[in-house]
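For reference, the structure is listed below as structure tokens.
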Amino acid sequence: MTRLLSNDTAQSSVIGTILLVAIVVILASVLGIFAIDLYQSAGDVEESPDVRFDAEQYGGDHDQFVRVYHMSGNTIEDLDTISVVVNGETVSETGADWSDSDEGLRSQSSLYIAADGNGFTTADNANFGGSSPDELDPGTEISVIWNSADTDTSATLFEYEVEDR
1 MTRLLSNDTA
11 QSSVIGTILL
21 VAIVVILASV
31 LGIFAIDLYQ
41 SAGDVEESPD
51 VRFDAEQYGG
61 DHDQFVRVYH
71 MSGNTIEDLD
81 TISVVVNGET
91 VSETGADWSD
101 SDEGLRSQSS
111 LYIAADGNGF
121 TTADNANFGG
131 SSPDELDPGT
141 EISVIWNSAD
151 TDTSATLFEY
161 EVEDR
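If you're matching positions, the sequence shown starts at 1 in full-length UniProt numbering and goes up one per residue.
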């Protein structure tokens with residue numbers, strides 16, 4: 001009698017190893033392509049200006065208003081990148097509305113914000129063009145927003161909530 005001996009385990013080990021290496025190579029390639037794409041798209045993000053704003057609240061019971069001013073940091077030369085939002089409503093679409101902004105928003109450039117009969121109003125000085133502004137309600141939220149001129153990047157540079165007086 002002739003007996004055939006078979007040893008299938010050696011081929012299974014070799015094939016399994018080859019398949020495992022192929023899967024690892026494919027996964028590494030996919031991850032590499034993803035990482036390269038992520039790195040290239042990160043170049044489209046523009047950093048927001050490094051600035052510090054502050055706010056001062058003025059007035060009494062019926063004529064309360066807020067002065068937001070550039071305290072320190074970079075001069076923002078492109079005035080069209082700055083907007084001011086009060087309770088979700090854009091009240092200033094450009095930095096040109098600010099005082100001392102002829103050469104860009106720089107230290108002590110300021111914007112005054114108050115309520116009026118139709119919502120909110122802004123001025124580059126505290127007299128609001130001779131009109132008497134209405135009181136800003138406590139809890140009114142004021143934000144200075146930067147929007148990149150070149151990309152879809154935006155950042156909130158400053159937030160302030162009107163205090164109860």
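The C-beta atom is built at its ideal place from N, Cα and C for all residues, glycine as well.
- A residue is called buried once 16 or more other Cβ atoms fall within 10 Å of its Cβ, and VAL24, having fewer, is exposed.
- A Cβ-Cβ contact shorter than 8 Å links THR122 with ASP97.
- Non-local C-beta neighbours of GLU141 in its own chain, meaning closer than 6 Å and more than five positions away in sequence, comprise ASN87, GLU161, ordered along the chain.
- Between ASP124 and SER83 the beta-carbon gap is near 15 Å, outside 8 Å, which marks them as no contact.
- The beta-bridge partner set that DSSP reports for ASN147 consists of SER154.
- Beta-bridge partners assigned by DSSP to PHE120: ALA115.
- Every beta strand (DSSP E) stretch that sits fully inside the UniProt domain "Archaeal Type IV pilin N-terminal" (11-89) and reaches 3 residues is listed by chain position as 51-58, 65-73, 82-86.
- As a beta-bridge residue in DSSP terms, ASP134 pairs with ALA115.
- DSSP places ASP164 outside both helix and strand once states are collapsed to three, so it counts as coil.
- By the neighbour-count criterion, in which 16 or more other beta carbons inside 10 Å mark a residue as buried, GLN108 falls on the exposed side.
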